[in-house]
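Structure, as structure tokens:
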Amino acid sequence: MTTAVQHVLIVGGGLSGASAAISLQREGIEVELVEREPVWGALGTGITLMGPALRALKQLDLLEQCMAEGDGGSEMCLFDAQGELLHTLEIHGLLGHDWPAVAGMMRPRLHRILAEECRGKGVSIRTGMTVMSLEQHDDRVDVELSDGSTESYDLVLGADGMRSQIRKLVFADHAPEPRPLGQAVWRALVHRPPSVTGEFQFYGPGLKTGFTPLGPDRMYQFLVQPVADDVLPPPEERPARMRELLSVFGGVVAEVRETITAPEQVDVRKLYWLLMPPPWYRGRVLLIGDAAHATTPQLAMGGAIALEDGIVLGELLASEKDLQTVLEKFMHRRYERCQMVVQNSVQLS
41 MTTAVQHVLI VGGGLSGASA AISLQREGIE VELVEREPVW GALGTGITLM GPALRALKQL
101 DLLEQCMAEG DGGSEMCLFD AQGELLHTLE IHGLLGHDWP AVAGMMRPRL HRILAEECRG
161 KGVSIRTGMT VMSLEQHDDR VDVELSDGST ESYDLVLGAD GMRSQIRKLV FADHAPEPRP
221 LGQAVWRALV HRPPSVTGEF QFYGPGLKTG FTPLGPDRMY QFLVQPVADD VLPPPEERPA
281 RMRELLSVFG GVVAEVRETI TAPEQVDVRK LYWLLMPPPW YRGRVLLIGD AAHATTPQLA
341 MGGAIALEDG IVLGELLASE KDLQTVLEKF MHRRYERCQM VVQNSVQLS
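To convert, take the position in the sequence shown, counting from 1, and add 40; that gives the numbering used here.
In structure tokens form, the structure reads like this:
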């Protein structure tokens, strides 16, 4: 069947952009992906993959590769600040007994797997490039790129993150700005002691920390800290500051805390959220991923809903001949789900 579009530009190569590129290219749609960074990669330490994210990776035929690079389980253990076990939660998986219910892996490795799949599927990828302007017509979008060239596409996907340039260009009259949550999240890549048998979370006075295993001998530690308008410390001061914040915790947290010594171990960033009011499209331009629904890590679902966006769009373009119908059905399937994730994550904070 002829699809509703034949030539698509994806702006941004994060989880939603890569997922969309893979999903559309496998349906025979010609895909070009532009990424503003000169090197297409991902920063950060680890990422927690809950059941919906694992399901999405399975739909992309990438779950086996990802699990070879990470670690998974089916329990989450909750502790007080001194390391006394409060409760063990059984996490019910979505993929049966052959796969974990929750997993962790290095974010750069997840990105590498997605990028290799894009290239293997024949997606045209251009780095160090972004969109300068768009002009919409009934049958196409004319796009001026930052290298000065102009090209035409049947559909443009704004997958360029929470501070999306496409959102500003297309929805300037009602585009929301990211809203601060009043929290920062610290992440550190650390050695995994044998006593850390799965997902661990610890609750202290005004702070929460936890471990996500990434393999048999390493894990990432997160720490959620209330912040106002404080300036975050420079990289060279971050290990000492993270150790100081973790000093209220005992048990295995105290043991691991002393191994946080190198600036390259530690990442810290303030948390923001955004929910674009519907519709997320105008004409032949559609926002996906963080450009439309940037959430916070409380539910560990941001990656899942980003991956799902690309998969759902691919399914709809494979089954519908009319683009307007595709876009309307996309909003019907995605808005309430993403709204639920964003709002519940903010409330849990």
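All C-beta atoms, glycine included, are put in the ideal place defined by N, C-alpha and C.
Report, in whole angstroms, the separation of the C-beta atoms of Val296 and Pro233, which I expect to be a contact under 8 Å.
7 Å
Where does Glu284 sit, in a helix, a strand or coil, going by DSSP?
helix
Straight-line gap, Glu104 to Glu130 (C-alpha atoms, nearest Å):
Each residue's alpha carbon lies about 23 Å from the other.
Assigned exposure category for Ala344 - 16 Cβ within 10 Å defines buried
buried
Candidates Arg76, Phe240, Gly246 and Thr85, of which the one nearest Ser114 by Cα:
It is Phe240.
Less than 8 Å between C-beta atoms, sequence neighbours within five positions excluded: which residues of the same chain meet that for Pro245?
Ala121 and Val288
Alpha carbon of Ala60 to alpha carbon of Gly354, nearest angstrom:
7 Å
Measure the CB-CB distance between Thr336 and Leu311 and report whether it falls below 7 Å.
yes
Quick check on DSSP: helix, strand or coil for Lys248?
strand
Roughly how many angstroms lie between the CA atoms of Ala44 and Gly329, to the nearest whole one?
21 Å
What residue does the beta strand (DSSP E) around Leu272 start on, and which one ends it?
That residue, Leu272, is in no beta strand (DSSP E); it is neither H nor E in DSSP.
Excluding the 5 residues flanking Pro318 on each side, which residues of the same chain have their C-beta closer than 6 Å to its C-beta?
Met371 and Tyr375
Under a Cβ-count criterion, where at least 16 other Cβ atoms within 10 Å of its own Cβ denotes burial, should Gln65 be classed as buried or exposed?
Here Gln65 is buried. Its C-beta has 16 or more other C-beta atoms within 10 Å.
Can you give me the Cβ contacts of Gly162 inside the same chain, cut-off strictly under 7 Å, excluding the 5 residues immediately before and after it?
Gln65
What span of residues does the alpha helix (DSSP H) with Arg152 cover, start to end?
Element bounds for Arg152: Arg147 to Lys161.
If you draw a straight line from the C-alpha of Gly168 to the C-alpha of Ala82, how long is it?
14 Å
Checking the sheet assignment: what are the DSSP bridge partners for Asp111?
The secondary-structure analysis by DSSP pairs Asp111 across a beta bridge with Gly144.
Using the rule of at least 16 other Cβ atoms within 10 Å of the residue's Cβ for burial, across every protein chain shown, is Gly188 buried or exposed?
exposed
Give the list of continuous alpha helix (DSSP H) stretches no shorter than 4 residues that lie fully inside the region 175-242.
If we require 4 residues or more, the alpha helix (DSSP H) runs fully inside the region 175-242 come out as 205-210.
My output table needs one value for Met259: the three-state DSSP class, helix, strand or coil.
strand
Is there contact here, the region 197-212 with the region 267-276, by at least three beta-carbon pairs under 8 Å?
no
Gly255 versus Ala143 - alpha carbon distance:
10 Å
Reference Arg149, options Gly84, Arg95, Trp320 and Glu175, closest by Cα:
Nearest Cα to Arg149 within the set Gly84, Arg95, Trp320 and Glu175: Gly84.
If you compare alpha carbons, which of Gly52, Val306, His231 and Ile153 is closest to Leu263?
Val306
When you compare each of Glu109, Val366, Met259 and Pro140 to His321 by their alpha carbons, which one comes out closest?
A small fix is needed here, since residue 321 is Tyr in this sequence, not His. Considering only Glu109, Val366, Met259 and Pro140, the residue with the shortest C-alpha distance to Tyr321 is Val366.
Helix, strand or coil at Gly290 [DSSP, three-state]
coil
Looking at the strands, I want to know which residues DSSP matches up with Cys117.
Thr128 and Phe240
Between Tyr193 and Val210, is the Cβ-Cβ spacing less than 7 Å?
Here Tyr193 is not near Val210, since their CB atoms are 7 Å or more apart.
So what does DSSP say about Arg374, is it helix, strand or coil?
Assignment of Arg374 by DSSP, reduced to helix, strand and coil, places it in the helix class.
Starting from the N-terminal side, write out each stretch of the beta strand (DSSP E) that is 3 residues or longer and does not extend beyond the region 319-354.
325-327
Does DSSP put Gly91 in a helix, in a strand, or in coil?
In the structure shown, Gly91 adopts helical secondary structure according to DSSP, grouped into three states.
Which value, in whole angstroms, describes the spacing of the CA atoms of Arg324 and Leu195?
5 Å
Any beta carbon of chain E sitting closer than 7 Å to that of Gly84?
Any reference to chain E falls outside this structure, which holds one protein chain only.
Thr43, DSSP secondary structure in three states:
coil
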